[in-house]
Structures are given as C-alpha cells and as structure tokens.
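To keep things clear, I will list the structure first and then write my remarks on it.
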Amino acid sequence: MRMKFSNAGIWRYIVASISKIIEEGVFKADSTGLKLRALDSTNTALVDLFIPKEAFLEYEVGAEERFGVNFEDFAKIMRLASKGDELLLETLEGGRLGVSFHGHGNRTFILPNIEVSGVEEASEISLEFPVVARLQPAIFEDVLEELEVVGDVVSLESGAGSSKLVLSSASDIAEARVELSLEDGSLLEYTVNSDSKASYSIEYLAEIARVSPVAEGLTLSYGSNIPLKLVFDISQGGRLTFYVSPRLE
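Just so we're aligned: the sequence shown equals residues 1 to 249 in full-length UniProt numbering.
In structure tokens, the structure reads:
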C-alpha cells in the first residue's frame with residue numbers, strides 16, 4: 001500500500017480530532033479509498049472517515065489492506081507536519097506503517113500495525129433525522145467555545161416551521177443561548193420536520209470540532225433523544241462523520 005496526499009496539514013487536523021475520541025482504530029484501504037470506522041471506549045461516539053482514492057496524488061492498493069494504529073501516537077507524529085508538506089503513507093516490511101512528510105527535506109516515522117479488538121462491532125448507523133442544518137464549521141466551533149464557558153452540556157432545540165436553531169447551556173450560576181438562522185446567514189440550509197430537542201456533551205463536540213479549520217462544510221442532523229450526526233466535508237470528496245449519543249435527563 002502506498003498513498004500520497006498533497007496537504008499534510010489537512011491530515012494533521014483530521015487525526016487530532018479523531019485522537020480525542022478513540023484510542024485505537026483500523027484503517028481499511030480498498031479500490032474506492034481509505035476508510036475508518038470505530039467506537040470510542042464508552043460507546044458514546046462513533047467516528048467514520050472516508051477519503052476517496054481520487055483525493056490522493058498517488059494511490060496504490062492491491063486487495064483490501066488493513067492497518068491498526070494508536071491515534072495518540074499518530075497525532076503526535078502528525079503535529080510535526082510543516083506548512084506545504086505532502087504526506088506519504090505506505091506499508092513497510094513486517095506490516096508497519098510508514099508516515100513521511102515531503103517538503104523541506106523528507107522525514108519518515110514508523111508506526112507498528114497493532115491489533116485492535118472490537119472494531120467489527122462498529123457497524124454503520126441508519127437513522128431518520130427530523131432536523132438537518134448546513135453551516136460553516138467555524139461557526140459551530142465558535143458557538144461551542146462560547147457555551148463551554150457556561151456548562152458541560154449543550155442543548156439543541158428546533159421548532160417545526162421555525163428558521164432558527166437554538167443552542168444553549170446552563171449551570172448553577174449562568175446560562176447562555178445562541179440562535180442560528182437562515183435570515184442572518186449563520187445557517188446555509190435548514191430543514192425541520194418536527195419539533196426536536198436533545199442534549200449532548202460539549203466536551204465531545206468541542207474535540208470533534210478540532211477539524212473545523214480544514215473542513216469545507218458541515219451538515220448537522222439530530223432529533224429528540226437520538227444521536228447527533230456531524231458530517232464534515234473534506235477537500236476532494238472526503239468526509240469525516242461523527243455520531244454522538246444524547247445526554248438523557
């Protein structure tokens with residue numbers, strides 16, 4: 001397996017976001033592209049990454065190949081990427097993973113191919129979402145930073161026929177409320193099929209939003225007391241999807 005990506009910086013943010021949700025995961029490379037799907041250790045969040053083969057400068061994969069990585073270690077390596085670096089991922093002797101940055105000199109790091117238990121349990125999720133919103137990732141990240149000052153849970157609320165998505169948080173000493181709408185441009189698209197309200201961990205969402213600086217768009221989907229789905233659009237057809245379980249009161 002050998003694949004080269006033009007912008008190592010994009011991968012730096014992707015891996016940083018994933019590493020805060022799961023400790024280990026297995027990448028799968030096949031004729032369509034690179035994939036990863038894994039649950040966090042508490043079964044609170046699921047991460048689903050897909051980078052199509054067309055997004056790579058080089059993509060050489062025979063039959064399906066798999067390699068397991070420790071994401072804390074992978075994130076440490078990716079933080080060493082410099083502006084303008086290309087990223088090369090390739091399997092080496094013994095099944096190890098070579099991670100190389102090509103830019104001002106070539107730097108190569110090697111990770112072991114680890115055995116990851118329980119990966120097959122992370123099956124695909126199929127849900128109908130009453131509320132679907134499109135917005136800029138940076139807006140979502142900013143809102144979370146503001147609400148995190150007040151509490152550790154964010155509540156989302158949508159009314160049928162309303163053009164506003166309300167995000168709020170509260171603690172014993174303070175409350176905060178943010179309204180996003182089509183009218184002020186903070187929402188790009190917004191569909192509400194039924195009144196919905198649900199609460200989620202701000203800590204999880206804030207870690208997930210780390211990918212925002214390199215995401216080209218965000219689709220947020222939710223409903224009353226069902227998981228929140230966040231789909232971040234990555235350049236050239238890639239997507240990074242997270243499902244987060246609700247906080248049930």
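The beta carbon of each residue, even a glycine, is placed where N, CA and C say it ideally should be.
query, result
"Could you tell me which of L228, L127, I173, G159 sits nearest to V149, measuring between CA atoms?", "I173"
"Tell me the DSSP secondary structure of R247 in three-state form.", "coil"
"Pick out whichever of F101, N113, E175, V143 has its Cα sitting closest to the Cα of L87.", "F101"
"May I have the straight-line CA-CA distance separating residue 250 from I114, to the nearest angstrom?", "Since the displayed the chain opens at 1 and closes at 249, residue 250 lies outside it and no answer follows."
"DSSP state of I173, grouped into three classes?", "coil"
"Once you ignore the five residues that flank K229 on each side, which residues in its own chain have a CB closer than 6 Å to its CB?", "S221, Y243"
"Tell me the DSSP secondary structure of P213 in three-state form.", "helix"
"Grouping DSSP H, G and I as helix and E and B as strand, with all else coil, what is K20?", "coil"
"Since V154 and T219 should fall inside the 8 Å C-beta cutoff, what is the C-beta to C-beta distance between them, to a whole number of angstroms?", "That belief does not hold up - the Cβ atoms of V154 and T219 are roughly 17 Å apart, past 8 Å."
"For S245, which residues in the same chain have their Cβ closer than 6 Å to its Cβ, ignoring the five residues on either side in sequence?", "T44, P227"
"In this structure, does DSSP put K83 in helix, strand or coil?", "coil"
"Could you check the C-alpha separation between D40 and L46 for me, to the nearest Å?", "6 Å"
"Please classify K76 as buried or exposed, where buried requires at least 16 neighbouring CB atoms within 10 angstroms.", "exposed"
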